[in-house]
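This note's numbering puts the sequence shown at residues 2 to 455.
Comments concern the structure below.
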Amino acid sequence: MKFHILTLFPEMVLQGLMSSITGRAVREQKIEVEAIDIRDYTKEKHRKVDDYPYGGGAGMLIQAQPVYDAYQSVSEKLSPSHTRRVIYVTPQGSPFSQQMAEEFSAYDDLIFLCGHYEGIDERVLEEVVTDHVSIGDYVMTGGELAAMVMVDVIARLVPGVLHNQESARTESFQGPLLEYPQYSRPEIWHGKAVPEVLLSGDAGRVRAWRLEESVKRTRERRPDLYAQYQELVECRERMKKQKRLHADMLGLLERGCGQRPCRCGERILLYGRDGKTMFYTSMGAERESEFWENLPEETLAGVRRVFLHQQASVEPFQKRTGMRLIGRYRNWIYTKKEKLPVRGLYRQDAETEDGFLIRELANGQYGAYVQETLAGRAGIDEEGGLWTECFWTDLPEGEKVPVEKALWTFLSNLALEQGFTPYARLSAENAVSQNRLEELGFYGSKTELYCMEF
Ligand code: ADE
2 MKFHILTLFP
12 EMVLQGLMSS
22 ITGRAVREQK
32 IEVEAIDIRD
42 YTKEKHRKVD
52 DYPYGGGAGM
62 LIQAQPVYDA
72 YQSVSEKLSP
82 SHTRRVIYVT
92 PQGSPFSQQM
102 AEEFSAYDDL
112 IFLCGHYEGI
122 DERVLEEVVT
132 DHVSIGDYVM
142 TGGELAAMVM
152 VDVIARLVPG
162 VLHNQESART
172 ESFQGPLLEY
182 PQYSRPEIWH
192 GKAVPEVLLS
202 GDAGRVRAWR
212 LEESVKRTRE
222 RRPDLYAQYQ
232 ELVECRERMK
242 KQKRLHADML
252 GLLERGCGQR
262 PCRCGERILL
272 YGRDGKTMFY
282 TSMGAERESE
292 FWENLPEETL
302 AGVRRVFLHQ
312 QASVEPFQKR
322 TGMRLIGRYR
332 NWIYTKKEKL
342 PVRGLYRQDA
352 ETEDGFLIRE
362 LANGQYGAYV
372 QETLAGRAGI
382 DEEGGLWTEC
392 FWTDLPEGEK
402 VPVEKALWTF
412 LSNLALEQGF
422 TPYARLSAEN
432 AVSQNRLEEL
442 GFYGSKTELY
452 CMEF
């Protein structure tokens, strides 16, 4: 990911971003940051880039020509296969958010345009800008600090920018709740003791206390987020009545990455992290046709894939959206808290003789090796679902079992260690893997999920 910042103050931007974690990420080549001085592209004498606005009014505007030429100098260097967005940072933009940052983090190149004075000539904005974004309802002297805020938030989502220790905290983000209070040594400071529960060594009690504190803090400081949280809790309680069927939707909520939950009576709509996958359950509500016919268009904007949790929704959904049924699935869930036994299945070091060697691959996936041959791959997807894939096609079916079993076991234990309920969504036709999960103690949903795409 490369950030290009068009600005009148390149030294300010570089000084800020070359420090701390973003600076480290640049040095470790996880991200690139370049600041382009708009003034270098002016054709005026004395490096002038601004002029009076037509129609009068206070202040000066940055002219179109130097901004356009500065933009072109960046654009010309970008590979045509790279994806890009051009973001004008302005108080007149849409509010910047974590969700927006997630969306931007998927691009190869992000070009930020920082305004100054009273702004920039509208004509160049019309030609180059894809997004107008603000960091809040206040006016700063220029866009540089706003661009730095956005770069910082987006950069920390780029794989490898945060080291494990730093990323652990975000993974336990509890949906819309604020962070709980934290304490470090000494145990007593200014006569105030650290809450007793944090010294108890009981991970379950600590987790429950932290959640309670987060809820309390959110209720007091951010009633807007608290209302969202209550809605989420309500959705979760309703879906829990059919745990297996809703394992994917519950998994999203558990990981705090289910976006924009929306409840309409018994019905629940939920979106994945990038907003492109939508999940829907009607929980037996009637009049599906009427529901889909009347659903506002913005609910479906940007959605590319939908998992319907009841067959009765398929036809009315297809009629409304034109998406087609491309696959039937079942959710599989492991509800016990104890880890699965691993003896003879896999190992993560090279010291013992038995089992497959499981290694982390570069892309966050895991590989099972037999004498340096990759026999299978596995991972936990963006939505929290476990998946595996075995390659040993020249082995008889019976001998593939241990590879797959080792991978499912490894992933389930990993999810449990992270405090999540292991679940997987398997094609309804994949009897082999379904049997494998059943043997390991997973339960499958009785009814199927319907995957719809254009
Ligand atoms: N430039 C000046 N104020 C700003 C703000 N609040 N957000 C983004 N850019 C800005």
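Glycine included, C-beta positions come from ideal geometry on N, C-alpha and C.
Note that the structure is predicted; figures quoted are calculated from it, not measured.
Self-check item: Closest residue to THR23 among ASN414, ARG264, LEU9, LEU163 (Cα-Cα distance)
Solution: LEU163
Quiz item: Quick one: what's got a C-beta closer than 7 Å to GLY380's C-beta in the same chain, skipping five residues either side?
Solution: GLY365, GLN366, TYR367, TRP388
Practice problem: Alpha carbon to alpha carbon, how far is GLY143 from GLU119? Give it in angstroms, no decimals. | Solution: 9 Å
Self-check item: CA-to-CA distance, TYR370 to SER290, given in whole angstroms
Solution: 50 Å
Quiz item: So, is VAL140 buried or exposed, given that buried needs 16 or more other C-beta atoms within 10 angstroms?
Solution: exposed
Quiz item: Regarding ILE32 and the ligand ADE, is the C-beta to nearest heavy atom distance less than 7 Å?
Solution: no
Quiz prompt | Rounded separation between ALA1 and ILE334 - CA only | solution = As shown, the chain starts at 2 and ends at 455. That puts residue 1 outside it, with no answer to give.
Quiz prompt | Cβ neighbour criterion (16 or more within 10 Å) applied to GLN30 | solution = exposed
Quiz prompt | Any non-hydrogen atom of the ligand ADE within 7 Å of PRO92 CB | solution = yes
Quiz item: With DSSP run on the structure shown, which of helix, strand or coil describes SER173?
Solution: For SER173, the pLDDT reaches just 41, beneath the cut-off of 50, and the residue's location in the model is therefore unreliable, although a value from the coordinates is still provided. Correct three-state label for SER173: coil.
Exercise. Could I get the ranges of all uninterrupted alpha helix (DSSP H) runs contained in the segment 8 to 40, with 4 residues as the minimum, in chain order?
Key: 11 to 18, 21 to 28
Quiz item: If VAL134 and ILE88 are in contact, beta carbons under 8 Å, what's the gap, nearest whole angstrom?
Solution: 5 Å
Self-check item: Where the alpha helix (DSSP H) containing ALA204 begins and where it ends
Solution: 204 to 222
Quiz item: Do you know how far the Cα of SER76 is from the Cα of PRO67?
Solution: 14 Å
Quiz item: Which runs of the beta strand (DSSP E), 3 residues or longer, sit entirely within the segment 118 to 202?
Solution: 132 to 135
Practice problem: Using only the heavy atoms of the ligand ADE, determine whether one of them is closer than 7 Å to the beta carbon of GLY17. | Solution: no
Quiz item: With 16 as the cutoff for other CB atoms within 10 Å, does ILE136 come out buried or exposed?
Solution: buried
Quiz item: Can ALA102 be considered in contact with the ligand ADE, in the sense that its beta carbon sits closer than 7 Å to one or more heavy atoms?
Solution: no
Quiz prompt | Neighbour-count burial assignment, PHE280, 16 or more Cβ in a 10 Å radius | solution = buried
Exercise. Put LEU450 into one of helix, strand or coil per three-state DSSP.
Key: strand
Exercise. Evaluate PHE318 with the Cβ neighbour count: other Cβ atoms within 10 Å of its Cβ, from every protein chain shown; 16 or more gives buried, anything less gives exposed.
Key: buried
Quiz item: Any C-beta of chain D sitting closer than 8 Å to the C-beta of GLU123?
Solution: Among the chains of the structure shown, chain D does not appear; only one protein chain is present.
Quiz item: So LEU18 packs on VAL152, CB below 8 Å; how close in whole Å?
Solution: 6 Å
Practice problem: Taking only the alpha-carbon atoms, compute the straight-line gap between ARG170 and HIS47 and give it to the nearest angstrom. | Solution: In this prediction, ARG170 scores a pLDDT of 44, lower than 50, which makes its location untrustworthy; the coordinate-derived value is nonetheless stated afterwards. One C-alpha to the other measures close to 50 Å.
Practice problem: Report yes if the CB atom of CYS263 is closer than 8 Å to the CB atom of LEU270, and no otherwise. | Solution: yes
Exercise. Compute the minimum distance between the beta carbon of ILE136 and the heavy atoms of the ligand ADE, and state whether it is under 7 Å.
Key: yes
Quiz item: With respect to 7 Å, is the separation between the Cβ of TYR139 and the closest non-hydrogen atom of the ligand ADE below this value?
Solution: yes
Quiz item: alpha helix (DSSP H) containing ALA302: first to last residue?
Solution: Element bounds for ALA302: n/a, residue is neither H nor E.
Practice problem: Quickly, what does DSSP pair ALA369 with across the bridge? List them, please. | Solution: ILE359, GLY377
Quiz item: What are the boundary residues of the beta strand (DSSP E) that SER82 is part of?
Solution: Neither: SER82 is in no beta strand (DSSP E) and is coded neither H nor E.
Self-check item: CB of THR282 within 8 Å of CB of MET324, strictly
Solution: no
Quiz item: Would you say GLY60 touches the ligand ADE, meaning its beta carbon is less than 7 Å from a heavy atom?
Solution: no
Quiz item: Would you call LEU309 buried or exposed, if buried means 16 or more other Cβ atoms sit within 10 Å of its Cβ?
Solution: buried
Quiz prompt | Rounded C-alpha distance that separates ALA194 from LEU212 | solution = 20 Å
Quiz item: From what residue to what residue does the alpha helix (DSSP H) around GLN260 run?
Solution: Looking at the DSSP string, GLN260 is not in any alpha helix (DSSP H); the run it does join, the beta strand (DSSP E), is 260 to 265.
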